[in-house]
Structure formats: structure tokens, C-alpha cells
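J.: In terms of numbering that gives the first Met the number 0, the sequence shown opens at residue 0 and continues consecutively.
Quick reminder that beta carbons are idealized off the backbone N, C-alpha and C, glycines included.
None of these values were measured; they are calculated from a predicted model.
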Amino acid sequence: MIGSISLKSWLDELKNGRRFWLPVVFNIIGEIIAFGIGMILSAMLPNLDDGLNVFKLTGWISLIAFIITTILLPSIAEESFYRKGIINFNSKTSLIFSSIIGIILYASEHSLKPLGLLISAIWAIPFTITYIRTKNIYIPMTAHFICNFAANGMTAVIMAAKMLKIL
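1. What is the DSSP secondary structure of I4, counted as helix, strand or coil?
2. Is there contact here, the segment 145–164 with the segment 58–72, by at least three beta-carbon pairs under 8 Å?
3. Going along the chain, which unbroken runs of the beta strand (DSSP E) with 3 or more residues stay wholly within the segment 111–141?
4. Can you give me the C-alpha to C-alpha distance between G29 and G115, rounded to a whole angstrom?
5. Kindly provide the ranges of any alpha helix (DSSP H) runs that are 4 or more residues long and lie completely inside the segment 6–85, ordered along the chain.
6. Mind the definition here: the segment 104–115 touches the segment 131–139 only if three or more C-beta pairs lie below 8 Å; say whether that holds.
7. Sorted by chain position, which residues of the same chain lie with C-beta nearer than 7 Å to I1's C-beta, five sequence neighbours on each side aside?
8. Verify whether the separation of the beta carbon atoms of T133 and P22 is less than 7 Å.
9. Can you list, in chain order, the residues of its chain with a C-beta nearer than 8 Å to that of A160? Leave out the 5 residues immediately preceding and following it.
10. State the Cα-Cα distance for the pair L181 and W59, rounded to the nearest angstrom.
11. Tell me which residues share the same chain as P125 and place their Cβ nearer than 6 Å to its Cβ, disregarding the 5 neighbours each side in the sequence.
Now the structure itself:
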């Protein structure tokens with residue numbers, strides 16, 4: 000049990016069929032769009048450092064750390080804190096204010112450079128909207144895990160292949 004997050008409850012939610020998986024799919028589509036917008040912004044401003052991609056892979060230990068810190072833990076830790084822990088449903092004003100605070104803090108964790116803050120804030124929006132609409136933290140957690148697995152998993156596979164001298 001992590002705060003009011005239960006790994007058993009998360010696993011139970013995964014069995015809930017369309018009611019669970021349809022919002023997960025829409026969240027993933029939102030993330031794909033958000034990543035696309037981030038890539039466009041980076042391409043439009045090539046001389047600006049976004050402060051992202053600072054993890055240096057130097058060997059097996061750093062690869063394992065990369066997998067743990069970019070694939071396994073973020074979906075649980077970030078969604079538990081930036082969405083479940085911060086977003087307040089008591090009133091519309093507190094919902095909007097707390098959502099913005101959560102997005103800013105999420106962005107600050109990913110980068111401290113202005114462009115990186117903007118890009119990371121854009122990434123946070125689909126997770127935030129999904130949590131607000133469903134009030135089910137396990138939906139953005141699942142979408143976050145799938146997105147990180149897809150994006151960072153490929154990097155991990157490529158790096159492992161290079162270290163094994165397959166590539």
C-alpha cells in the first residue's frame with residue numbers, strides 16, 4: 000500500500016474491461032499528441048536546451064537504474080503524488096488551482112529549463128484530465144506505465160543491445 004494507492008487494487012482494476020481500458024486508451028492517445036507537440040516545439044526551437052534527456056547510460060548499473068526510474072517507478076510515484084495527492088475535488092476553484100500546481104510540480108521534476116518545463120507541462124495535461132474525469136488514479140497510472148514502457152523501453156533495449164555488442 001502506497002498512501003491510498005494499493006498495488007492489489009491496481010491489478011484488480013486491470014480486469015475491469017472497457018470501463019477501465021477505454022479511458023486508458025484515450026489517455027495514451029492524449030499522451031501521443033502531447034509528445035508530438037513537445038517534439039514540434041523542440042524542433043521549432045533547436046537552439047534552446049530543454050533540459051530533458053539528461054540520464055547518461057554508462058553501463059549495466061546505469062541501465063538498470065534507467066529502467067527502474069523511467070519505466071517502473073514513475074507511473075506509481077508521479078500519479079500518486081501529482082494527481083492523487085495534490086488534486087483537490089472540493090470545489091471547482093480548488094480543482095483548477097490544485098491541478099495547475101500538480102502540472103507545474105510535475106514539469107519541475109522533469110526539467111528546470113523553460114522549454115523543458117513547457118514540454119513537461121504539456122505531457123502532464125492528459126494524465127491530469129484523465130484523473131479528473133474518471134476520479135480513478137489507476138487509469139492514468141496504467142497509461143503512464145504503458146507510455147513510459149513504450150518510449151523508454153525501446154531506449155533500454157537499444158542500450159542493452161549496444162552493450163552486448165549486438166548493435
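T.: Answer, in terms of the structure:
1. strand
2. Contact check between the segment 145–164 and the segment 58–72: three or more CB pairs, one atom from each, fall below 8 Å, which counts as touching.
3. none
4. 18 Å
5. 6–12, 17–43, 59–66, 73–77
6. no
7. Bear in mind that the predicted position of I1 carries a pLDDT of just 48, short of 50, making it unreliable; the figure below should be weighed with that in mind. These residues qualify, in order along the chain: I75, S79.
8. yes
9. L166
10. Outside the displayed range of the chain (0 to 166) lies residue 181, so it cannot be described from this structure.
11. N26, G29, E30, A33
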